[in-house]
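Under the numbering used here, the first residue of the sequence shown is numbered 5, with each subsequent residue one higher. Glycine included, C-beta positions come from ideal geometry on N, C-alpha and C.
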Amino acid sequence: MNLELTAYKNYKELCYAMNWIITTGKGRTLQLKDLERYCKYHKEGQKFIIDEIFLEPLPKEGNKRNSIYAENLENLIVHICSETENSQYYK
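Written as structure tokens, this is what we have:
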């Protein structure tokens, strides 16, 4: 990653600076969202202007939509295993 406080002419140049594969569609949207972890930027037309580069990247957000009930399911499974007499987990 060779990101600098400068203006990049277009998305293609930004991809070269970040060592990214040039993509389109949702891949491009996700790459730009990932860019927000590393710096603050704004767009003027096709230009990407880097305003500030963070010393440490922000933490990456997990996929929250699939883990809504994970903790509840884990507790339920432990509860069921603890109540089953034939289970090896019975105390």
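Contact between P61 and R41 holds: their C-beta atoms lie close to 5 Å from each other, under 8 Å. Around the CB of I54, 16 or more other CB atoms lie within 10 Å, so the residue is classed as buried. The Cβ atoms of Q50 and Y20 do not sit closer than 9 Å to each other. Per DSSP, the continuous alpha helix (DSSP H) segment holding I81 begins and ends at 74–87.
L80 sits exposed, since fewer than 16 C-beta atoms from the chains shown fall within 10 Å of its C-beta.
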